[in-house]
Amino acid sequence: MRTRVKICGITRVEDALLACALGADAIGIVLTPTSPRCVPIKRARAIRDALPAFVTAVVLTHGLPADRVREIIAGVRPDLVQFHGLEDAAFCESFGVRYIKALGMAGSVDVQAAANRHQHAVGFVLDGHPPGEQGGRGKTFDWSRVPRDLDRPVILAGGLNPDNVGRAIRAVHPWAVDLASGVEASPGIKDAAKMRAFFAAVAAAQADPQP
25 MRTRVKICGI TRVEDALLAC ALGADAIGIV LTPTSPRCVP IKRARAIRDA
75 LPAFVTAVVL THGLPADRVR EIIAGVRPDL VQFHGLEDAA FCESFGVRYI
125 KALGMAGSVD VQAAANRHQH AVGFVLDGHP PGEQGGRGKT FDWSRVPRDL
175 DRPVILAGGL NPDNVGRAIR AVHPWAVDLA SGVEASPGIK DAAKMRAFFA
225 AVAAAQADPQ P
């Protein structure tokens, strides 16, 4: 199975286009004000509109009120919303947009129980942050905790970079990998050399999937 790639925390059109040229399947755009990677709706829409066909635009929110989430959806028109806080299923489902749910694996999270609660989530981002907190911290977690039989896609995040993504793919065999800080020069600014190295490492792991 091909491992898909989401490059998150994009703040510039040029970084989004480079990620797409290298093979990104999805681009993550943060709209949570407390994040150093947050962009205004107008810029998020410009990034979304610049994406080529078949690349998924994902907006990330964390603990925002419903009216703000609706404003973001109307302004950006994303393909998916990623909820990164403690939002319950009823809240996530109330916007009529497909969504993925992030789970902070730094705590004692029961991924299967979360999946049971979020029946309409189309995937789960497993990140290295504490439950309910924001991602993008560059923290890994124990990959042996990733369930092997979840009925929806597992998107592995948390501290991934060009040096460890090959091991992560071989250990977990996730549907996708997701990273922000691991390919950055500074928060929100991507490093072209790191991005190229990351995609090369993903390709190498797929060519030789044995641990």
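Residues in the sequence shown are numbered consecutively from 25, following this note's numbering.
Just so it is clear, CB atoms sit at the ideal spot from N, CA and C, and this is done for glycine as well.
(message) Under 8 Å, with one C-beta from each stretch per pair, do the stretch 95-109 and the stretch 124-134 reach the 3-pair mark?
(response) As far as the Cβ criterion goes, the stretch 95-109 touches the stretch 124-134, which means the pair count is three or higher.
(message) With DSSP as the reference, identify every bridge partner of Lys247, one or two as the case may be.
(response) Look at the range of the chain in this structure, 25 to 235, and you will see that residue 247 is not part of it.
(request) Let me know if Phe165 comes out buried or exposed under the rule of 16 or more other beta-carbons within 10 Å of its beta-carbon. (result) Result: buried.
(request) Compare the C-alpha of Gln143 against each of Phe119, Asp112, Asp173 and Asp215 and name the closest. (result) The candidate whose alpha carbon is nearest that of Gln143 is Asp112.
(request) With a 10 Å radius around its C-beta and 16 neighbouring C-beta atoms as the bar for buried, classify Ser168 as buried or exposed. (result) The residue is exposed, with fewer than 16 neighbouring Cβ atoms inside 10 Å.
(request) Pull up the distance between the alpha-carbon of Val170 and that of Phe115, whole angstroms please. (result) Val170 and Phe115: Cα-Cα distance of roughly 25 Å.
(request) Would you give the residue range spanned by the alpha helix (DSSP H) that Arg69 belongs to? (result) Run containing Arg69: Ile65 to Ala74, per the alpha helix (DSSP H) assignment.
(message) To the nearest angstrom, how far is the alpha carbon of Pro198 from that of Arg26?
(response) Near 9 Å, if we compare the C-alpha coordinates of Arg26 and Pro198.
(message) Could you check whether the stretch 41-52 touches the stretch 87-97, counting it as contact only if at least three pairs of C-beta atoms, one from each stretch, sit closer than 8 Å?
(response) The stretch 41-52 vs the stretch 87-97: no contact.
(request) Rounded to whole angstroms, what's the CA-CA distance from Ala48 to Ala145? Just pull it up for me. (result) Note on geometry: alpha-carbon atoms of Ala48 and Ala145 lie some 21 Å from one another.
(request) Check the C-beta distance from Ala139 over to Val189 and give it rounded, since I have them as a contact under 8 Å. (result) Going by Cβ atoms, the distance from Ala139 to Val189 rounds to 24 Å, so no, they are not a contact pair.
(message) For a minimum of 3 consecutive residues, which ranges assigned as the beta strand (DSSP E) are wholly contained in the stretch 163-187?
(response) 178-180, all fully within the stretch 163-187.
(message) Can you tell me where the alpha helix (DSSP H) holding Gly99 begins and where it ends?
(response) Counted as a single uninterrupted DSSP element, the alpha helix (DSSP H) harbouring Gly99 occupies residues Ala90 to Val100.
(request) Output the distance between the C-alpha atoms of Ala221 and Arg172, rounded to the nearest integer angstrom. (result) Pairing Ala221 with Arg172, the inter-Cα distance amounts to about 28 Å.
(message) Restricting to runs no shorter than 3 residues, where is the beta strand (DSSP E) found entirely within the stretch 96-138?
(response) Counting only runs of 3 or more, we get 104-107 and 123-128.
(message) When you compare the CB positions of Pro102 and Val83, do they come within less than 8 Å of one another, or not?
(response) Their beta carbons are under 8 Å apart, which means Pro102 touches Val83 by this criterion.
(message) Within the continuous beta strand (DSSP E) that includes Gly87, where are the two ends?
(response) For Gly87, there is no enclosing beta strand (DSSP E), as DSSP marks it with neither H nor E.
(request) Give the DSSP-derived three-state secondary structure of Asp49 in the structure shown. (result) Judged by DSSP in its simplified three-state form, Asp49 adopts coil rather than helix or strand.
(message) Quick check on the burial criterion: 16 or more other C-beta atoms within 10 angstroms. Buried or exposed for Pro186?
(response) Label assigned to Pro186: buried.
(request) Go to Ile31, then tell me how far its beta strand (DSSP E) extends in each direction, as first and last residue. (result) Segment Arg28 to Ile31, the beta strand (DSSP E) holding Ile31.
(request) Decide if Ser210 is buried, meaning its Cβ has at least 16 other Cβ atoms within 10 Å, or exposed. (result) Classification of Ser210: exposed, given that the 10 Å Cβ count is below 16.
(request) Return helix, strand or coil for Val82, following the three-state DSSP convention. (result) Looking at Val82 - three-state DSSP - the assignment turns out to be strand.
(request) Select from Pro64, Pro177, Lys30 and Leu75 the residue whose C-alpha is nearest the C-alpha of Val93. (result) Checked all of Pro64, Pro177, Lys30 and Leu75; the closest Cα to Val93 is Pro64.
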